[in-house]
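Participant: For reference, the structure I am asking about is given below.
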Amino acid sequence: MTLLVDFGGRHRIISYSVVLVHLSEEAIWKMPLFKRKPFDLAKPPEDLEPSDLVYQVRFTKEIFRDYQEYLNRINLYRQRVWMCKSTGKSNLTYEEAMVMEKNAIQKVQQLPNDLVAPALRIIQFSMLSLRDLADLVTKKLQKDLFVGAELYGKKDDGLYPCRVLKIVENGVGKMQYEVALLGENKKITENAILHGEDLVWKKTPFNRKILKSFIRESTCRSIPWVLHEKLAQKHGISTDLPEELRSKFFLQGGQLVNRTKKRKNENRNNVGEANGESGKSKRNKGETGKPDASKEENNQPEDEPVKYPIDDLLVKPGPDDPLFTDRPSPSRDFNVPMDCIGDLLMVWDFCSSFSRVLNLWPFSLEDFENAICHKDSNLVLIVETHSALLRILIKDDGEYSLALQNKKRKSKISLITWTEYVCDFLEMINVTELCSCMTTIKRGHYGLLDANAKLGILCELVCHALETDLIRGKLDDLIEQRRALGATVRGEALEYARKKREEKEQLKGESNGLEVKENSMESTGSNPHMAENGEENGDMVEEVISSRQSNAFVNRKQLNGQSKRGEKQKLDPKVEAENITNSNEKEAQKQLTGEKKEDQEKKSKEKREQRKEYFKREMEKRSIRTNPLGKDRDYNRYWWFRRDGRIFVESSDSKQWGYYCAKEEVDALMSSLNPKGERERALQQQLEKFYPRISLELQKRSKDLAQKIALEEAVLRRSTRVRAPPRENPANAFLKYVNKWKED
């Protein structure tokens, strides 16, 4: 039988003659819970042939013939609907719950064997909550001392560490303990017999968290807590129900049943049978195609549609997919061998990142690559790189510095003596492959070494430099600066949110004030003659209160009041004109204030965006290490170095390297990524995030490359009739390198 096994998203074909999956009863009740209920694993398919292609889930060992069933089960396991039974923590994936279950069981096993039986006796049929029960067990177990327990004993007004050797009964009812007093390294100094009250735990061998997990693991139900039958039999604990609980519970088929709940269920069933509706409705539900009782009992979920993103290797082409372009082939025209590219990038990135600390003027990756391949033994770029790294080791006063002191070498490294310091370093690290190069270096033929050896020496120097106090101090400073920048960003965000809340509250208060004012104006009337109307309305109200039955009179009074108000409003046209002009002025003021607010908000938004960009730049300047942008479906890693501009592609086995150096290639790469896959979606998001900077760097690089080509062609076309000095070839720029930050 051939298995397609899921290794964390990656699949491998494995052949087996027979695969049998057996789960013990103990393993089943330790499985994660699905929506707080036990979940049954899928049974292996029957009649499997050795040539059948099946799919196996890595962490449950379930086997599926149908790919869609396997995919649905994988998606279910990745949903956060699972719960760890031991810790009670929910909102987990299946694999997270399994790992947590395993860790909890390991912690539970830390409970001393001598305390297991007493703890189980306290737990059996207890009606306390989990927290109170754990506290009770802790309190009682502290009094139960056992042979081998390490605690502290009171003797001669002092407290000494000791170990219980023997429990002695004195016949009076009080227990005495023979203990060994412990000295340094837990060596026995003397023996003594102490009473129980003279022995104290400074730190108990268990805590509440361990006991909670222990209670959950050892019981099959809660309140009352009932032990697993086999566990109770193993430790000789009675499974008979206590007298005080028999009025509320009874045992049926080995399970504890609540009398009141059962009585309520029986009453419901009797009512349903009398009405003749419950049975019919249940039958109708079964006939209409809804989940039947067997599915509910087994708790098997229905097939759900695939929720993307999923693992990239599980993604299949769909009808709604956009048109993906072909992925461009990366360039592989490196000067150094393919297996050296990783070391080349690592050394160059370290020297560029810590150039100030190393006092090493930065150089481009092309110059460094050309220098490594050059056969000159005293090339300035190579000499300065080695010297800068060696100086860091000398300043650290470590093993290398002591080796130089023993050889009575000077601390100053020169163009003539730098190879001697390199040989001293190779003697110190004693790496066989690199020590074989010492003879060539001592003869003054460093340039004749192959690229593997040169980069191997530089890699060892970088690794030792990373362990020095100078580099570690620089890293600590960068971390502190990043934290300070992060705190500043969070502080500004909180301040902006606080101001926004205050503005909203202020606007809310103003609107409430306006509503109150309008309501008061409506109740009193906005007419300047409201005093007269008020008197009339007051008279009307008094009459209504004094005689509720005179409705006709009240209606006449209201009509008279309205007619009088209308007449008085007609008599005052000047007041109306004033009100109109005032309202127009207010609207104009509102528009002006609104425009001012919009301008202010626009300016503040631009300022915030500028601040965000500033903080991003400052964070990038203080980057601690270079991380890959992401991976594609085949686990190829993509690297982007902001000091070079190119995007490098590393194969999953790190044996093949390539790079993209044109904007069009990056566009084609982004168009070829499928966002339905987890890895390619993450890679696409990172490329989109850095796209403006990547495209800018690549365009700049393309211009520089065009200028170099033009200069090279100009050198070739130089006229022989004019005896002018030849122009310098840009490809040989590494030969003119000068370390402008070199220490005196």
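Residue numbers for the sequence shown follow the working numbering, so the first one is 1 and each next one is one higher.
Note that CB positions come from ideal geometry on N, CA and C, so glycine has one too.
Throw me the rounded Cβ distance for the Leu-344 and Glu-369 pair, which I believe falls under 8 Å.
Facilitator: What you label residue 344 is simply residue 344 of the sequence shown in a count that begins at 1. What you label residue 369 is simply residue 369 of the sequence shown in a count that begins at 1. Contact holds; Cβ gap of about 6 Å.
Participant: Use the C-beta contact count for Pro-322: other C-beta atoms within 10 angstroms, 16 or more gives buried, fewer gives exposed.
Facilitator: Against the sequence shown, residue 322 aligns to sequence position 322. So Pro-322 ends up on the exposed side.
Participant: Going along the chain, which residues of its own chain have a beta-carbon closer than 6 Å to the beta-carbon of Lys-631, five neighbours each way excluded?
Facilitator: Here residue 631 is taken as the residue at index 631 of the sequence shown, counted from 1. Around Lys-631: Arg-637 and Arg-679.
Participant: Once the 5 residues before and after Ser-355 are set aside, which same chain residues still bring their CB inside 6 Å of it?
Facilitator: Residue mapping note: residue 355 aligns to position 355 of the sequence shown, counting from 1. So the list reads Pro-362, once near-sequence residues are dropped.
Participant: Indicate whether Arg-163 and Leu-182 have their beta-carbon atoms separated by less than 8 Å.
Facilitator: For the purposes of this step, residue 163 is taken as the residue at position 163 of the sequence shown. For the purposes of this step, residue 182 is taken as the residue at position 182 of the sequence shown. Yes. Within cutoff.
Participant: Please classify Ala-149 as buried or exposed, where buried requires at least 16 neighbouring CB atoms within 10 angstroms.
Facilitator: Here the question's residue 149 lines up with position 149 in the sequence shown. By the neighbour-count rule (16 or more Cβ atoms within 10 Å), Ala-149 is buried.
Participant: Quick one, are the C-beta atoms of Val-147 and Lys-166 less than 8 Å apart?
Facilitator: Your numbering for residue 147 matches position 147 in the sequence shown. Your numbering for residue 166 matches position 166 in the sequence shown. Result yes, Cβ atoms of Val-147 and Lys-166 sit closer than 8 Å.
Participant: Can you grab the Cα-Cα spacing for the pair Glu-69 / Lys-35, in whole Å?
Facilitator: Here the question's residue 69 lines up with position 69 in the sequence shown. Here the question's residue 35 lines up with position 35 in the sequence shown. Computed Cα separation, rounded: 20 Å.
Participant: Which whole-angstrom value is the C-beta distance of Pro-319 and Lys-676, which I expect to be below 8 Å?
Facilitator: Translated into positions along the sequence shown, residue 319 becomes position 319. Translated into positions along the sequence shown, residue 676 becomes position 676. Contact doesn't hold; Cβ gap of about 13 Å is too wide.
Participant: Quick check: Gln-79 and Ile-237, are their CB atoms within less than 8 Å of each other?
Facilitator: Looking up residue 79 in the sequence shown gives position 79. Looking up residue 237 in the sequence shown gives position 237. No, Cβ-Cβ distance for Gln-79 and Ile-237 is not below 8 Å.
Participant: Does the distance from the CB of Glu-505 to the CB of Arg-611 come in under 8 Å?
Facilitator: Position 505 of the sequence shown, counted from the start, is the residue given in the question as residue 505. Position 611 of the sequence shown, counted from the start, is the residue given in the question as residue 611. Cβ atoms of Glu-505 and Arg-611: not closer than 8 Å.
Participant: Would you kindly check if the distance between the Cβ of Pro-50 and the Cβ of Ile-63 is under 8 Å?
Facilitator: Working through the sequence shown from its first residue, we reach residue 63 at position 63. Working through the sequence shown from its first residue, we reach residue 50 at position 50. No, the Cβ-Cβ distance between Ile-63 and Pro-50 is not below 8 Å.
Participant: Is the beta carbon of Ser-331 closer than 8 Å to that of Tyr-659?
Facilitator: Taking the first residue of the sequence shown as 1, we reach residue 659 at position 659. Taking the first residue of the sequence shown as 1, we reach residue 331 at position 331. Yes, these two residues count as a Cβ contact at 8 Å.
Participant: So, Met-83 versus Ala-104, is the Cβ gap smaller than 8 Å?
Facilitator: Start at 1 with the first residue of the sequence shown, and residue 83 comes out as number 83. Start at 1 with the first residue of the sequence shown, and residue 104 comes out as number 104. No. Outside cutoff.
Participant: Taking only the alpha-carbon atoms, compute the straight-line gap between Arg-190 and Arg-131 and give it to the nearest angstrom.
Facilitator: Position 190 of the sequence shown, counted from the first residue, corresponds to residue 190. Position 131 of the sequence shown, counted from the first residue, corresponds to residue 131. Sequence check: residue 190 is Glu here, not Arg. Those two C-alpha atoms are separated by around 40 Å.
Participant: Using only the alpha-carbon positions, how far apart do Ser-90 and Thr-325 sit?
Facilitator: By one-based count along the sequence shown, residue 90 stands at place 90. By one-based count along the sequence shown, residue 325 stands at place 325. Their Cα atoms are separated by approximately 42 Å.
Participant: Could you tell me the alpha carbon to alpha carbon distance between Leu-151 and Asp-469, rounded to whole angstroms?
Facilitator: Here residue 151 is taken as the residue at index 151 of the sequence shown, counted from 1. Here residue 469 is taken as the residue at index 469 of the sequence shown, counted from 1. So the two alpha carbons sit approximately 42 Å from each other.
Participant: What did DSSP end up calling Pro-692 once you bin it into helix, strand or coil?
Facilitator: As a first step, residue 692 must be located in the sequence shown, where it is residue number 692. Helix at Pro-692.
Participant: Taking Cβ positions, are Ser-377 and Tyr-446 nearer each other than 8 Å?
Facilitator: Position 377 of the sequence shown, counting from 1, holds the residue named residue 377. Position 446 of the sequence shown, counting from 1, holds the residue named residue 446. Cβ distance < 8 Å, so Ser-377 and Tyr-446 count as in contact.
Participant: Where do the ends of the alpha helix (DSSP H) carrying Lys-395 lie?
Facilitator: Counted from its first residue, the sequence shown places residue 395 at position 395. Taken as a continuous stretch (DSSP letters only), the alpha helix (DSSP H) holding Lys-395 covers 380-395.
Participant: What are the uninterrupted segments assigned as beta strand (DSSP E) that are 3 or more residues long and contained completely in the segment 179-243, given in chain order?
Facilitator: Fully enclosed beta strand (DSSP E) runs of 3 or longer: 188-195 and 219-221.
Participant: Where does Tyr-638 sit, in a helix, a strand or coil, going by DSSP?
Facilitator: To locate residue 638, count along the sequence shown from 1; it is residue 638. If DSSP states are grouped into helix, strand and coil, Tyr-638 belongs with the strands.
Participant: With a threshold of 16 other CB atoms inside 10 Å of the CB of Cys-435, please say whether the residue is buried or exposed.
Facilitator: As a working note, residue 435 is residue 435 in the sequence shown. Under this definition Cys-435 is an exposed residue.
Participant: Starting from the C-beta of Arg-633, find all residues in its chain whose C-beta is less than 8 Å away, skip the five residues before and the five after it, and write them out in chain order.
Facilitator: Mapped onto the sequence shown, residue 633 falls at position 633. Once the five neighbours on either side are set aside, the close Cβ partners of Arg-633 are Asp-312, Leu-313, Val-315, Asn-674, Gly-677, Arg-679 and Glu-680.
Participant: Would you mind stating whether Val-357 and Lys-474 have Cβ atoms separated by less than 8 Å?
Facilitator: Residue numbering aside, residue 357 sits at position 357 when the sequence shown is read from its first letter. Residue numbering aside, residue 474 sits at position 474 when the sequence shown is read from its first letter. Yes, the pair counts as a contact, with Cβ atoms nearer than the cut-off.
Participant: Could you tell me which residues DSSP puts in a beta bridge with Asn-258?
Facilitator: One-based indexing of the sequence shown puts residue 258 at position 258. Its beta-bridge partners are Phe-249.
Participant: Can you find the residues in the same chain that come closer than 7 Å, C-beta to C-beta, to Met-127, ignoring five residues on each side of it along the sequence?
Facilitator: To locate residue 127, count along the sequence shown from 1; it is residue 127. Contacts found: Ile-223 and Pro-224.
Participant: Let me confirm a value: Asp-644 is counted as buried when at least 16 other C-beta atoms fall within 10 Å, else exposed. Which label applies?
Facilitator: Position 644 of the sequence shown, counting from 1, holds the residue named residue 644. Asp-644 should be labelled buried.
Participant: Locate the beta strand (DSSP E) running through Gln-56, then write down its first and last residues.
Facilitator: For this step, residue 56 is matched to residue 56 along the sequence shown. Note, Gln-56: beta strand (DSSP E), 53-56.
Participant: Which residues in the same chain have their Cβ closer than 7 Å to the Cβ of Ile-382, if we skip the five residues on either side of it in sequence?
Facilitator: Taking the first residue of the sequence shown as position 1, residue 382 is located at position 382. Correct list, in chain order: Ala-371.
Participant: Looking at C-alpha atoms only, which residue of Cys-661, His-235 and Ala-388 is the closest neighbour of Phe-641?
Facilitator: Counting from 1 along the sequence shown, the entry for residue 641 is found at position 641. Of Cys-661, His-235 and Ala-388, the residue nearest in Cα terms is Cys-661.
Participant: Just to confirm the assignment, what range does the beta strand (DSSP E) spanning Ile-122 have?
Facilitator: Counting from 1 along the sequence shown, the entry for residue 122 is found at position 122. Looking at the DSSP string, Ile-122 is not in any beta strand (DSSP E); the run it does join, the alpha helix (DSSP H), is 113-123.
Participant: Just to confirm the assignment: which complete alpha helix (DSSP H) runs, minimum length 4, are found wholly within the segment 434-518?
Facilitator: If we require 4 residues or more, the alpha helix (DSSP H) runs fully inside the segment 434-518 come out as 438-442 and 451-466.
Participant: Report the residue from Asp-333, Glu-595, His-464 and Gln-233 whose alpha carbon sits nearest the alpha carbon of Ser-401.
Facilitator: Reading the sequence shown from its first residue, position 401 is the one you call residue 401. Checking every option, the nearest Cα to that of Ser-401 belongs to His-464.
Participant: What do you reckon, are the CB atoms on Asp-198 and Gly-158 nearer than 8 Å?
Facilitator: By 1-based counting over the sequence shown, the position of residue 198 is 198. By 1-based counting over the sequence shown, the position of residue 158 is 158. Against a cut-off of 8 Å, the Cβ pair of Gly-158 and Asp-198 comes out as no contact.
Participant: Quick check on DSSP: helix, strand or coil for Ile-167?
Facilitator: Stepping through the sequence shown from its first residue, residue 167 is reached at position 167. Ile-167: strand per DSSP, three-state reduction.
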